[in-house]
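Be aware that the sequence shown starts at 1, since it is given in my numbering, and climbs by one per residue. Presented below is the structure to which this report refers.
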Amino acid sequence: MHADRSPKPALALTADEQNQLRSLAASRTLPHALVARARLVLWSVQGQSNSQIARRLHWTNATVGKWRQRFVDHRWAGLYDELRPGRPRTIHEERIAALLKRTLSRKPTGATHWSLRQAAKASGISKSTVHRLFQTFAVQPHRSRSFKISTDPFFIEKVCDIVGLYLNPPDHALVLCVDEKSQIQALNRTQPVLPMGLGYVEGVTHDYVRHGTTTLFAALDIATGG
């Protein structure tokens, strides 16, 4: 077995590039080839040789060297497939990079998420082109997902009790659900917001920290059981 002696250009990542590559490498929605190329760069930065990476990905050394060099030349945009023959691209790469950076790192003025119209106006790129670029890079600024991290030490036991109540309710059971309601908008989430990335939507907890007085509204008509 011969050692990988091919000269390799210096490769270093900025903090933003490292975050984006990690998002790409962990994505379950992006094309497999793109995910593999992101992992290739991360492994290369960690000091793995082209031969080692080729064995892990079941690729040839030449293929690994090609995509490594493309990252060196074009950064993370170079990991995407090359343009096919046809009409040349009319949108300069710097404008595309600026559009993606603005969308992923800033909030639009007077809104919480970017729309196609807002992104097109801010970048000077047509709405249809912005839509195509968002699809190409799997950017979905209009979407978010919720998650919950419970700190209750008896969380599992309580979940089992509640689920069991619905699956096997006792005879003559009466379930009362009392919700909280307040006119105060309390938007501070209990956990930090997970930022949007390439192939990842924004993540927020579905619960929040309430600021102000909590009011409870419950109604139970004893006479009619309503």
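By construction, the Cβ of each residue, glycine as well, lies at the ideal position given by its N, Cα and C atoms. What you are looking at is a predicted structure, and each value in this text was computed from that prediction instead of being measured.
Simplified DSSP state of residue i, which is helix, strand or coil
i, result
"V45", "helix"
"Y80", "coil"
"L167", "helix"
"L104", "helix"
"L194", "strand"
"T14", "coil"
"T129", "helix"
"S139", "Note that residue 139 is Val in the sequence shown here, rather than Ser. V139: coil per DSSP, three-state reduction."
"H74", "helix"
"A173", "coil"
"S115", "coil"
"F154", "coil"
Per DSSP, cross-strand counterpart(s) of residue i
i, result
"V204", "S146"
"R189", "Y208"
Cβ distance (whole Å) where residue i is taken to contact residue j below 8 Å
i, j, result
"R37", "L100", "The Cβ separation is near 17 Å, so there is no contact."
"L71", "V35", "Checking the sequence shown, residue 71 turns out to be Phe, not Leu. The pair is not a contact, with the Cβ atoms about 14 Å apart (cut-off 8 Å)."
"L198", "A111", "No, L198 and A111 are not in contact; Cβ-Cβ is about 21 Å, not under 8 Å."
"H142", "H113", "6 Å"
"A122", "R102", "6 Å"
"S27", "Y166", "Their Cβ separation, rounded to whole angstroms, is 35 Å, which puts S27 and Y166 out of contact at 8 Å."
"E17", "R55", "Not really, about 25 Å apart at Cβ, beyond 8 Å."
When the options are compared against residue i, the one with the closest alpha-carbon
i, options, result
"K236", "H206, Y208, E202 and A62", "The displayed coordinates of the chain run from 1 to 226. Any statement about residue 236 would go beyond what the structure contains."
"T14", "Y166, I125, V45 and S128", "V45"
"G47", "R68, P153 and T63", "R68"
"A33", "R189, K66 and D81", "D81"
"Q140", "K121, L116 and A26", "L116"
"L24", "A77, D152, I125 and Y208", "A77"
"S144", "N61, K127, L104 and P170", "L104"
"H206", "P195, M196 and T190", "T190"
"N188", "M196, V175, K158 and V209", "V209"
"V64", "D73, H74 and I53", "I53"
"I149", "P192, R102 and H113", "P192"
"A95", "H113, G124, F155 and A62", "Reading off the sequence, residue 95 comes out as Arg, not Ala. Nearest C-alpha to R95: G124."
"L57", "R39, Y166 and H74", "R39"
"A12", "I162, T29 and W43", "W43"
"D73", "N61, E93 and S51", "E93"
"T29", "K66, T136, Q118 and P169", "T136"
- Message: Which complete alpha helix (DSSP H) runs does the region 20 to 69 hold, if anything under 4 residues is left out?
- Response: Taking only runs of at least 4 residues, the alpha helix (DSSP H) segments lying wholly in the region 20 to 69 are 32 to 45 and 50 to 57.
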